[in-house]
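A.B. asks: Chains as they are written, first to last, in our numbering: chain A, 914 to 1333; chain B, 941 to 1417.
This is how it looks when you write it as structure tokens:
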């Protein structure tokens, strides 16, 4: 039953072939225009601080997607999953993007090293009040040199993990060595643990420390849930686009899309579950040092609408929209659904990051910058530019390498995977 | 069958009826192929049996997708509404005559639907969906079935082991005994057999009927008992489920001595009738010696005057409150005269420096501030001026005659400012006037820290409230 289709791929195009020659410069051009516009209008509107916030939103968005894909790759090996072999390479390439993302982190890291506190208020000299023992405790952690060291460590670890899976898988394309799969399975165990640990602290550093007084141990899970959702959506969208343009033909079957859509459905709800759990505990305990983070997002009338919008558009609509089996197996529908999910995932990061542009360390409104700060001249081009850059990175890494692991021992099983 | 002893003679009729034709196949591929051909031949009422799930058999049989998900969705949404309605009724509706809800405010949370209701709603959705899936599957598959004629066919037993079967029902419009048998042979059946329904024994045994009726009545018992308990008052003591835990072989504080005799002629184990034992005379528990008068009591050793039997203090409730130390009416020494400052008749000589091993430090003052704000500020206020929350509330109640209250004293009062630190320590330890003792709540070191903080607070220049400076001669209760 399981060998009715060939394990070797015979269809001609399974790489970008020379598509990347066009994609890379195009993506870089979009990036230059978009980020340039954001920088120009951002600094005009609110100085470098305004641009930094827009940039951080988009950087977090892309980083979470890459980390979500890295998670997908690791868990595929950890569970010896066969169904996802044909889409794993796309996730591997997105995971590899963590390495160039390290360079893109410099616009955030360098000002911190130079002592700027425009983005992260904890970097200001004497920011910590004598009155708050809570801040004293965090003081040792939130130091620019530790912050720098941590980020170097994160990128080294993630880059190494991503390369471990991508490199070995590429090697297997040539040799067909089954031992490589076994090695990847073995390393996926401890890598998953370290990945979880780094993700926790990276989410603290990247977004939670924008508000150094606030703390939520559920925030890393929230970041993770959104990231995996984004990663799955990006993988699915890329697979759909590659198949539409004929770069990948019938290697990726409707059953892979069905499974990816099931995972997206699951992580949509997982995100909602975690988002609500974080909210409920803080709402119920009603401790001022925790509630102010939500007070910003629910007392400011503009942000209150934005928060309700997040609930409706990030949880309820995708939950109902991804529920039916028929739509999960419909490629046209999935194309729209994945683009929608990526947009709403971007909005999630906007919702996390941007309130701290207008509100200070204790949730007090900053004169002239409070309110809902979305700008079509700053945030929108910044997002388009960064996504363009990300596409260019994807094309650069993909090159003319195979977009499907050609000689994976579970490829045949994956090709014959059928959802009951 | 044991219960088939029907008394009436059965109407004469066929003993069995053929309901279908069964074909046996030797491998799953043949079964799938046969299913495809049965489907293409136009059969509607047929079923396939296999020892394990066979991939692709659903489309081969032409089975449409299950409607179960829609059923589950409907029940899940119902569960959502039921859970929200239930919580709203329980938490916000208390005006119904029978079975009212409990409209209690808890930590200021709203009574109506709030985020706090979502976890329960979520769980009810999950539970109802799980039940809907499980029992919906039963419903759609017409389960449970108590008997199946297939189980009377010996050959069919191998359907759980290594054979594959296909049965076409006679009720199918396309069924024709000969033609179907011929088709089975064409499709590669290795054996063909009629499936007969036994008609001789179709009555439900009387025993089951009786058991069912009795069971239904038994099911009514719990709700009836619940309603009975709801409408009655029971004054009987509660049941002791675990008597060993409720009555233990031990004696607690303040109990009488165990009786080792009989009820008529009691013999108490201890002559003083108490179960508690006093420490052996002349001994002190470890750490309880407290021989340093300066540190533990705040006065110079050997300056404690002999106890004077107070004349009027016998009936004074203040005497009750302040037990450990001297508790005469505060004589309020003349403020102006530094020579007499710190001299209190009938009291020992209070020390006016902190005693070793307590040391003055910023940490000690910070500790004192923290403890002061916990224990003292409720009455004395954060600034020590006697305007704490309890004081304010009590004064408001006293104004309407609902309470008796003596205004908490300001620590910036001139009569308090001149007091040596030892006396302040004593006031904290043993109370004074209507203030209660705090020695059991606050450890010695913390009491010194508070005294130190009070002294520091007095140096800040905070003015006592106007009119609070009581004339020295005025009696203070």
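Here a beta-carbon is modelled for each residue, glycine too, at the ideal position from N, C-alpha and C.
For the alpha helix (DSSP H) holding residue 1424 of chain B, just list the boundary residues, first then last.
C.D. replies: Summary: the structure shown does not reach residue 1424 of chain B, with chain B confined to residues 941 through 1417, and so no result is reported for it.
A.B. asks: Using beta carbons (cut-off 8 Å, strictly below), is residue 1189 of chain A in contact with chain B?
C.D. replies: Working through the first chain from its first residue, we reach residue 1189 of chain A at position 276. So, interface residue.
A.B. asks: Could you name the residues that DSSP lists as bridge partners for residue 970 of chain B?
C.D. replies: By 1-based counting over the second chain, the position of residue 970 of chain B is 30. For residue 970 of chain B, which the question treats as bridged, DSSP gives no partner whatsoever.
A.B. asks: Within 8 Å (strictly less), CB to CB, does residue 1077 of chain A reach chain B?
C.D. replies: Taking the first chain and counting its residues from 1, one reaches residue 1077 of chain A at position 164. It does not; no Cβ of chain B falls within 8 Å.
A.B. asks: Can you name the residues of chain B whose CB is closer than 8 Å to the CB of residue 1182 of chain A?
C.D. replies: Numbered from 1 along the first chain, position 269 holds the residue referred to as residue 1182 of chain A. Going along chain B, no residue has its Cβ under 8 Å from residue 1182 of chain A, so there is no contact; the nearest lies around 10 Å.
A.B. asks: Straight-line CA distance for residue 1347 of chain B to residue 1034 of chain B?
C.D. replies: Counting from one through the second chain, the residue named residue 1347 of chain B turns up at place 407. Counting from one through the second chain, the residue named residue 1034 of chain B turns up at place 94. One C-alpha to the other measures close to 41 Å.
A.B. asks: Give every residue of the same chain whose Cβ lies closer than 6 Å to the Cβ of residue 1330 of chain B, excluding the five residues on either side of it in the sequence, and list them in chain order.
C.D. replies: Residue 1330 of chain B sits at position 390 when you count from the first residue of the second chain. Once the five neighbours on either side are set aside, the close Cβ partners of residue 1330 of chain B are 1318 and 1319.
A.B. asks: Got a sec, what are the start and stop residues for the alpha helix (DSSP H) residue 1000 of chain A sits in?
C.D. replies: Here the question's residue 1000 of chain A lines up with position 87 in the first chain. Start and end: 998-1009.
A.B. asks: Would you say residue 1058 of chain B faces chain A, with C-beta separation under 8 Å as the test?
C.D. replies: As a working note, residue 1058 of chain B is residue 118 in the second chain. Closer than 8 Å to some Cβ of chain A, the Cβ of residue 1058 of chain B qualifies, so yes.
A.B. asks: For a quick check, are the C-beta atoms of residue 1086 of chain A and residue 1319 of chain A less than 8 Å apart?
C.D. replies: Counting from 1 along the first chain, the entry for residue 1086 of chain A is found at position 173. Counting from 1 along the first chain, the entry for residue 1319 of chain A is found at position 406. In contact: residue 1086 of chain A and residue 1319 of chain A (Cβ atoms closer than 8 Å).
A.B. asks: Should residue 1272 of chain A and residue 1209 of chain A be called a contact, given that it needs their Cβ atoms to be closer than 8 Å?
C.D. replies: Counting from one through the first chain, the residue named residue 1272 of chain A turns up at place 359. Counting from one through the first chain, the residue named residue 1209 of chain A turns up at place 296. Taking 8 Å as the Cβ cut-off, residue 1272 of chain A and residue 1209 of chain A qualify as a contacting pair.
A.B. asks: Where does the unbroken beta strand (DSSP E) through residue 1243 of chain B begin, and where does it stop?
C.D. replies: On the second chain, position 303 is the one that residue 1243 of chain B refers to. Neither: residue 1243 of chain B is in no beta strand (DSSP E) and is coded neither H nor E.
A.B. asks: Residue 1028 of chain A to residue 1252 of chain A, Cα distance in whole Å?
C.D. replies: Here residue 1028 of chain A refers to the residue found at position 115 of the first chain. Here residue 1252 of chain A refers to the residue found at position 339 of the first chain. The straight-line gap from Cα to Cα measures roughly 38 Å.
A.B. asks: With H, G and I counted as helix, E and B as strand and the rest as coil, what does DSSP make of residue 957 of chain B?
C.D. replies: Taking the second chain and counting its residues from 1, the one referred to as residue 957 of chain B is at position 17. It is a strand residue.
A.B. asks: Check this for me: beta carbons of residue 1064 of chain A and residue 1011 of chain A, under 8 Å apart or not?
C.D. replies: Taking the first chain and counting its residues from 1, one reaches residue 1064 of chain A at position 151. Taking the first chain and counting its residues from 1, one reaches residue 1011 of chain A at position 98. It is not a contact, given that the beta carbons lie outside the stated cut-off.
A.B. asks: Who are the neighbours of residue 1055 of chain B on chain A, taking C-beta pairs under 9 Å?
C.D. replies: For this step, residue 1055 of chain B is matched to residue 115 along the second chain. Result: 1189, 1192, 1193, 1196 and 1197.
A.B. asks: Going along the chain, which residues of the segment 987-1000 of chain B sit with their C-beta nearer than 7 Å to a C-beta in chain A?
C.D. replies: Per Cβ criterion, the list reads 995.
A.B. asks: Considering only C-alpha positions, which residue in the set A:1254, A:1328, A:1244 and A:1267 is nearest to residue 1154 of chain A?
C.D. replies: Residue mapping note: residue 1154 of chain A aligns to position 241 of the first chain, counting from 1. The residue with the shortest Cα to Cα distance from residue 1154 of chain A is A:1244.
A.B. asks: Can you give me the Cβ contacts of residue 1294 of chain A inside the same chain, cut-off strictly under 6 Å, excluding the 5 residues immediately before and after it?
C.D. replies: Along the first chain, read from residue 1 onward, the residue named residue 1294 of chain A stands at position 381. Cβ within range, chain order: 947, 950 and 951.
A.B. asks: Helix, strand or coil for residue 1272 of chain A? Go by DSSP, reduced to three states.
C.D. replies: Reading the first chain from its first residue, position 359 is the one you call residue 1272 of chain A. Looking at residue 1272 of chain A - three-state DSSP - the assignment turns out to be strand.
A.B. asks: When the Cα atoms are used, what is the spatial distance from residue 1444 of chain B to residue 1085 of chain B?
C.D. replies: Summary: the structure shown does not reach residue 1444 of chain B, with chain B confined to residues 941 through 1417, and so no result is reported for it.
A.B. asks: In whole angstroms, give me the CA-to-CA distance for residue 1195 of chain A and residue 1328 of chain A.
C.D. replies: Here residue 1195 of chain A corresponds to residue number 282 of the first chain, with the count starting at 1. Here residue 1328 of chain A corresponds to residue number 415 of the first chain, with the count starting at 1. C-alpha separation (whole angstroms): 47 Å.
A.B. asks: Under 8 Å, do residue 1311 of chain A and residue 929 of chain A count as touching if we go by C-beta distance?
C.D. replies: Position 398 of the first chain, counted from the first residue, corresponds to residue 1311 of chain A. Position 16 of the first chain, counted from the first residue, corresponds to residue 929 of chain A. Cβ distance < 8 Å, so residue 1311 of chain A and residue 929 of chain A count as in contact.
A.B. asks: What would DSSP say about residue 1116 of chain A, mapped onto helix, strand or coil?
C.D. replies: The residue you call residue 1116 of chain A lines up with position 203 of the first chain. In this structure, residue 1116 of chain A counts as helix in the three-state DSSP scheme.
A.B. asks: Going along the chain, which residues of its own chain have a beta-carbon closer than 6 Å to the beta-carbon of residue 1019 of chain B, five neighbours each way excluded?
C.D. replies: Indexing the second chain from 1 puts residue 1019 of chain B at position 79. Once the five neighbours on either side are set aside, the close Cβ partners of residue 1019 of chain B are 1064, 1065 and 1068.
A.B. asks: Could you check the C-alpha separation between residue 1209 of chain B and residue 1380 of chain B for me, to the nearest Å?
C.D. replies: Translated into the one-based positions of the second chain, residue 1209 of chain B becomes position 269. Translated into the one-based positions of the second chain, residue 1380 of chain B becomes position 440. Approximately 32 Å, taken between the alpha carbons.
A.B. asks: Under 7 Å between beta-carbons, which chain B residues line up against residue 1331 of chain A? List them in chain order, please.
C.D. replies: Start at 1 with the first residue of the first chain, and residue 1331 of chain A comes out as number 418. What residue 1331 of chain A touches in chain B: 995.
A.B. asks: Since residue 956 of chain B meets chain A, which of its residues come closer than 9 Å, beta carbon to beta carbon?
C.D. replies: Position 16 of the second chain, counted from the first residue, corresponds to residue 956 of chain B. Those do not exist, as residue 956 of chain B stays about 37 Å from chain A at its closest Cβ, beyond 9 Å.
A.B. asks: Considering only residues of the same chain and omitting the five flanking positions on each side of residue 955 of chain B, which have a CB-CB separation below 8 Å?
C.D. replies: Mapped onto the second chain, residue 955 of chain B falls at position 15. Here the set comprises 1138, 1139 and 1140.
A.B. asks: For residue 1082 of chain B, count the other beta carbons within 10 Å of its own beta carbon; 16 or more makes it buried, fewer makes it exposed. Which is it?
C.D. replies: Looking up residue 1082 of chain B in the second chain gives position 142. It is exposed - the Cβ of residue 1082 of chain B has fewer than 16 other Cβ atoms within 10 Å.
A.B. asks: Can you tell me which residues form a DSSP beta bridge with residue 987 of chain B?
C.D. replies: Working through the second chain from its first residue, we reach residue 987 of chain B at position 47. According to DSSP, which records beta bridges pairwise, residue 987 of chain B is partnered with B:1107.
A.B. asks: Closest to residue 998 of chain B by C-alpha separation, out of B:1022, B:973, B:1021 and B:1164, would be which residue?
C.D. replies: Counting from one through the second chain, the residue named residue 998 of chain B turns up at place 58. Out of B:1022, B:973, B:1021 and B:1164, B:973 has the C-alpha closest to the C-alpha of residue 998 of chain B.
A.B. asks: Classify residue 1290 of chain B as helix, strand or coil using the three-state DSSP reduction.
C.D. replies: Reading the second chain from its first residue, position 350 is the one you call residue 1290 of chain B. Correct three-state label for residue 1290 of chain B: strand.
A.B. asks: Please look up how many angstroms separate the CB atoms of residue 1101 of chain B and residue 968 of chain B, rounded, as I've assumed it's under 8 Å.
C.D. replies: In the second chain, counting from the first residue as 1, residue 1101 of chain B sits at position 161. In the second chain, counting from the first residue as 1, residue 968 of chain B sits at position 28. The Cβ separation is near 13 Å, so there is no contact.
A.B. asks: Three or more C-beta pairs closer than 8 Å, one from the segment 1141-1150 of chain A and one from the segment 994-1007 of chain A: is that the case here?
C.D. replies: Yes: at least three Cβ pairs fall under 8 Å.
A.B. asks: According to DSSP, simplified to helix, strand and coil, what is residue 1189 of chain A?
C.D. replies: Residue mapping note: residue 1189 of chain A aligns to position 276 of the first chain, counting from 1. The answer is helix: DSSP assigns residue 1189 of chain A an H, G or I state.
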